[in-house]
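Asker: Dumping the structure here so I can ask a few things about it.
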Amino acid sequence: MKSTLIVFLKEVRENLRDRRTVLNTLLTGPLLAPVIFVLIINSVVTRELDKAEKPLPVPVIGAEYAPNLIAALKQQSIEIKAAPADPERAVREMDADLVLRIPKDFAESWRKGEPAQVELIYDASQRDAQGSVNRLRGALEVYAQRNGAMRLLARGLSPALTRALVVADRDQSTAQTRSGTLFAMLPYFFILGAFIGGMALAIDTTAGERERQSLEPLLVNPVSRSRILIGKLAATSAFALTSVLLGIVAFSLVGRFLPTEKLGMSLTIGPHFAFFTLLAMLPLVFLIATLQTLAAAFAKSFREAQTYLSLLMFVPAVPTMMLSLFPVKTESWMYAVPLMGQQITITRLMRGDVVTGEQLALCFAATMLAALVVYALTAMVYRSERLAIST
Amino acid sequence: MIEARGLHKAFGSVNAVDGVSFVARDGEITGLLGPNGAGKTTTLRMLYTLMKPDAGTVIVDGFDVARAATEVRRRLGVLPDARGLYKRMTARENIAYFARLQGLDAAVGRARADALIAALDMAEFAERRTEGFSQGQRVKTAIARALVHDPRNVILDEPTNGLDVMATRAMRAFMQRLKSEGRCVLFSSHIMQEVAALCDRIVVIARGRVVADASPASLLAQTGAASLEDAFVAVIGSEEGLAA
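So the protein lines, in turn, are chains A and B.
Numbering-wise, the numbering used here puts 286 at position 286 of the first sequence, and it's gapless, one number per residue.
Numbering-wise, the numbering used here puts 86 at position 86 of the second sequence, and it's gapless, one number per residue.
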């Protein structure tokens, strides 16, 4: 036990003297989640607000054929612009989000009481333009309904006659659940924080120690290799945990200032969230530290280890992508899958959903078990003769 | 005292060490001489418990390496071929780390480190971080770290490798000093003159086997050679991989 502590303290002290490691642990790792999140949220918020409040510029061809329509659109804060020569091409090449074309015979059809056609030219694959298209379509429909109703009234009929069915939307999503889909990426950044926080030490204590030829002298000491390994893992975990802890705290602080309510979302980020997130992350930090050490133990050099560990960072992205691309019903067994369990737990905590004690315990125990299995594997690699041999 | 008895070690189909036996006694300097690739480093690695022999045993002060590896490690001071230091720690901190791993308490460790820093003439750079140390400074730190627990037996793998003339002289003087303190000193070298100048006993290894094990005088007598260097070449059968 004592020798484990000696190794732990030495690794912590030595790595605290490395400015880049400290910077990654205390700054890059923790700030990753909050900073990326602030960027995403702010750009989404500003975009949505921009679109709703600002006048929408619409290039119109043949505005002169429908002066009344144009006037009505202007009232709905749509700004009429001169149209490009080739509107289809302008839309395809994203020079314009959309173009409205009013044909020459618009006025004649209108006078005769026939459906007068206008053309809306847009590209449905441009998701960015969807908001503008919907807004213009809405404005056009308001104008059409108003005039349709007036025509019926002029003939002594009730406009309600034409509306045989009315669909009323009853959206069951709450502000929290709506924010959930957007925030599904967040756990990934916490997990990434653990990767970044532990990376330098995992490499330094194994591949780095071998590359600078200090592992062989170390292993000649009368200390068992598993104790040395545990000391090194503890140091790696301590750095990763610091990273995660700071990340959660930073996120909890920053989360309060995010203008999420403007999007109609609300998040429950407070001490409760911070505590249980940390609890769910704790065994994962051990698992990641051990995995990183295992990968680094296979590497012959510092650079090789860096390559392995960088590839390893993509692993936690898998459950994140799966869960945000195919949102499935949360089943109990999912808590038992390391990474996925944390992903679900953190997302649910943030949305204010209930995570039961059993689910949390399952997540904790299953991840811890995985960490122990990886530890056993790493210890096996550590016992091998080849480990110490530098050349 | 270090005893190697019938050591074998193969890597794949290559028999790196193929039946090596010898004894290194207390109060003597024993030299392991052999061309590069003769199996010296592998032999030493089996002696200091880093590698397990395929066959054969190692006995250090009566303890069998296979059964009491930890006890053996306490009795050995080892300067391996790999002698890297922790560059973000000072020379003294490097020594102190190993002192603690050897189980010395802080006061004893400090006293031992002070004694070694004086003996190895390290005072000038002991409090500096080891990044940027010269080869000589690095080897001195590695030796101090290896001997901090005052071991009876000292194993040095090519201790003068990469040292300049002055540092080499200092190293040889230090080995004489270890011998005069009654320790068992075992070192490997591919430099004939070094072995001839230092050793009470010379074990010559070639192609994984011991081809001669004698005092310098009896080696001369056995081979009938005029000089030790001629005697070495005679028992190995070739000059390849050796240095004068």
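For each residue, glycine too, the CB sits at the ideal point set by N, CA and C.
Owing to the predicted nature of the structure, the values given are computational and were not obtained by experimental measurement.
Would you verify that the beta carbon of residue 126 of chain A is, or is not, closer than 8 Å to some beta carbon of chain B?
Answerer: Walking along the first sequence from the start, residue 126 of chain A turns up at place 126. It does not; no Cβ of chain B falls within 8 Å.
Asker: With the cut-off set at 8 Å, would you say residue 66 of chain A and residue 36 of chain A are in Cβ contact?
Answerer: As a position in the first sequence, residue 66 of chain A is number 66, starting the count at 1. As a position in the first sequence, residue 36 of chain A is number 36, starting the count at 1. No. Outside cutoff.
Asker: By the three-class DSSP mapping on this structure, what secondary structure does residue 65 of chain B have?
Answerer: On the second sequence, position 65 is the one that residue 65 of chain B refers to. Coil, per DSSP.
Asker: By the 9 Å beta-carbon criterion, what residues does the stretch 212-238 of chain A contribute toward chain B?
Answerer: For the stretch 212-238 of chain A, which is checked against every Cβ of chain B, the residues closer than 9 Å are 212, 213, 214, 215, 216, 217, 218, 219, 220, 221, 222, 223, 224 and 228.
Asker: Would you mind working out which of A/295, A/254 and A/63 sits nearest residue 269 of chain A, comparing C-alpha positions?
Answerer: For the purposes of this step, residue 269 of chain A is taken as the residue at position 269 of the first sequence. When only C-alpha atoms are compared, the closest one is A/254.
Asker: Tell me the DSSP secondary structure of residue 201 of chain A in three-state form.
Answerer: Counting from one through the first sequence, the residue named residue 201 of chain A turns up at place 201. Here residue 201 of chain A sits in helix by DSSP.
Asker: First and last residue of the alpha helix (DSSP H) that includes residue 54 of chain A?
Answerer: One-based indexing of the first sequence puts residue 54 of chain A at position 54. No alpha helix (DSSP H) holds residue 54 of chain A; DSSP gives it neither H nor E.
Asker: Give the straight-line distance between the Cα atoms of residue 69 of chain A and residue 143 of chain A, rounded to the nearest whole angstrom.
Answerer: Reading the first sequence from its first residue, position 69 is the one you call residue 69 of chain A. Reading the first sequence from its first residue, position 143 is the one you call residue 143 of chain A. Rounded to whole angstroms, residue 69 of chain A to residue 143 of chain A spans 7 Å at the Cα level.
Asker: Determine the direct distance from the alpha carbon of residue 5 of chain B to that of residue 12 of chain B, and round the result to whole angstroms.
Answerer: Within the second sequence, residue 12 of chain B is the residue found at index 12, counting from 1. Within the second sequence, residue 5 of chain B is the residue found at index 5, counting from 1. Computed Cα separation, rounded: 22 Å.
Asker: Of the residues that make up the stretch 9-34 of chain A, which ones have a beta carbon closer than 7 Å to any beta carbon in chain B?
Answerer: Residues passing the 7 Å Cβ filter: 10, 14, 17 and 18.
Asker: Could you give the residue range of the alpha helix (DSSP H) that holds residue 363 of chain A?
Answerer: Locating residue 363 of chain A in the first sequence gives position 363, counting from the first residue. Taken as a continuous stretch (DSSP letters only), the alpha helix (DSSP H) holding residue 363 of chain A covers 357-383.
Asker: Could you run through the stretch 95-122 of chain B and flag, in chain order, every residue whose CB is less than 8 Å away from some CB of chain A?
Answerer: Answer in chain order: 97, 98, 100, 101, 102 and 103.
Asker: Specify whether the stretch 289-299 of chain A and the stretch 199-211 of chain A touch according to this definition: at least 3 beta carbon pairs, one from each stretch, less than 8 Å apart.
Answerer: A contact exists between the stretch 289-299 of chain A and the stretch 199-211 of chain A.
Asker: Residues of chain A with CB closer than 7 Å to the CB of residue 50 of chain B, please, in chain order.
Answerer: Residue numbering aside, residue 50 of chain B sits at position 50 when the second sequence is read from its first letter. Residues of chain A passing the Cβ test: 216, 219, 220 and 388.
Asker: Are any of the Cβ atoms in chain B nearer than 8 Å to that of residue 6 of chain A?
Answerer: Reading the first sequence from its first residue, position 6 is the one you call residue 6 of chain A. Chain B contact via Cβ: present.
Asker: Of all the CB atoms in chain D, is at least one closer than 8 Å to the CB of residue 78 of chain B?
Answerer: No chain D appears in this structure, whose protein chains are A and B.
Asker: Please name the residues in the stretch 62-74 of chain B whose beta-carbon is closer than 9 Å to at least one beta-carbon of chain A, in chain order.
Answerer: Per Cβ criterion, the list reads 69, 70, 71, 72, 73 and 74.
Asker: Helix or strand or just coil, what does DSSP make of residue 77 of chain A?
Answerer: In the first sequence, counting from the first residue as 1, residue 77 of chain A sits at position 77. Here residue 77 of chain A sits in coil by DSSP.
Asker: Whose C-beta lies closer than 8 Å to the C-beta of residue 362 of chain A among residues of the same chain, with five residues either side of it excluded?
Answerer: Here residue 362 of chain A is taken as the residue at index 362 of the first sequence, counted from 1. So the list reads 332, 335, 336 and 341, once near-sequence residues are dropped.
Asker: On the criterion of 16 or more Cβ atoms from any shown chain inside 10 Å, does residue 140 of chain B qualify as buried, or is it exposed?
Answerer: On the second sequence, position 140 is the one that residue 140 of chain B refers to. Burial call: buried.
Asker: What are the boundary residues of the alpha helix (DSSP H) that includes residue 269 of chain A?
Answerer: In the first sequence, counting from the first residue as 1, residue 269 of chain A sits at position 269. Taken as a continuous stretch (DSSP letters only), residue 269 of chain A belongs to no alpha helix (DSSP H), as it is neither H nor E.
Asker: Ignoring anything shorter than 4 residues or poking outside the stretch 269-333 of chain A, list the alpha helix (DSSP H) runs there in chain order.
Answerer: List check, alpha helix (DSSP H) in window: 271-298, 302-312 and 317-325.
Asker: Pick out the complete alpha helix (DSSP H) segments inside the stretch 149-192 of chain B, 4 residues or longer, and give them in chain order.
Answerer: You should have 165-180.
Asker: Assuming contact is defined by CB atoms lying nearer than 8 Å, are residue 80 of chain A and residue 60 of chain A in contact in what I supplied?
Answerer: Position 80 of the first sequence holds residue 80 of chain A. Position 60 of the first sequence holds residue 60 of chain A. In contact: residue 80 of chain A and residue 60 of chain A (Cβ atoms closer than 8 Å).
Asker: Give the DSSP-derived three-state secondary structure of residue 108 of chain A in the structure shown.
Answerer: In the first sequence, the residue the question calls residue 108 of chain A occupies position 108. Correct three-state label for residue 108 of chain A: helix.
Asker: Going by DSSP in three states, residue 229 of chain B sits in which element: helix, strand or coil?
Answerer: Taking the first residue of the second sequence as position 1, residue 229 of chain B is located at position 229. Residue state, collapsed to three classes: helix.
Asker: At least one CB of chain A closer than 8 Å to the CB of residue 144 of chain B: is that the case?
Answerer: On the second sequence, position 144 is the one that residue 144 of chain B refers to. For residue 144 of chain B, the answer is no, since every Cβ of chain A falls outside 8 Å of its Cβ.
Asker: For residue 171 of chain B and chain A, any beta-carbon pair shorter than 8 Å?
Answerer: Here residue 171 of chain B refers to the residue found at position 171 of the second sequence. It does not; no Cβ of chain A falls within 8 Å.
Asker: Report yes if the CB atom of residue 285 of chain A is closer than 8 Å to the CB atom of residue 237 of chain A, and no otherwise.
Answerer: Position 285 of the first sequence, counting from 1, holds the residue named residue 285 of chain A. Position 237 of the first sequence, counting from 1, holds the residue named residue 237 of chain A. Yes, they are a contact pair.
Asker: What residues from the stretch 81-96 of chain B come within 8 Å of chain A, judged by C-beta to C-beta, listed N to C?
Answerer: Here the close residues are 81, 82, 83, 84, 85, 86, 87, 88 and 89.
Asker: So, does the CB of residue 385 of chain A fall closer than 8 Å to a CB anywhere in chain B?
Answerer: Here residue 385 of chain A is taken as the residue at index 385 of the first sequence, counted from 1. Closer than 8 Å to some Cβ of chain B, the Cβ of residue 385 of chain A qualifies, so yes.
Asker: List the DSSP bridge partners of residue 90 of chain B.
Answerer: Locating residue 90 of chain B in the second sequence gives position 90, where the first residue counts as 1. According to DSSP, which records beta bridges pairwise, residue 90 of chain B is partnered with B/129.
Asker: What I want to know is whether the C-beta of residue 288 of chain A ends up closer than 7 Å to one or more non-hydrogen atoms of the ligand GTP.
Answerer: Absent from the structure shown: the ligand GTP. Ligands present: none.
Asker: Just how far apart, CA to CA, sit residue 100 of chain B and residue 115 of chain B?
Answerer: Locating residue 100 of chain B in the second sequence gives position 100, where the first residue counts as 1. Locating residue 115 of chain B in the second sequence gives position 115, where the first residue counts as 1. In a straight line, the C-alpha of residue 100 of chain B is about 16 Å away from that of residue 115 of chain B.
Asker: Decide if residue 23 of chain A is buried, meaning its Cβ has at least 16 other Cβ atoms within 10 Å, or exposed.
Answerer: Locating residue 23 of chain A in the first sequence gives position 23, counting from the first residue. Result: exposed.
Asker: Identify the continuous beta strand (DSSP E) that holds residue 21 of chain B and give its terminal residues.
Answerer: As a working mapping, residue 21 of chain B is identified with position 21 in the second sequence. Where residue 21 of chain B is concerned, the enclosing beta strand (DSSP E) stretches over 14-24.
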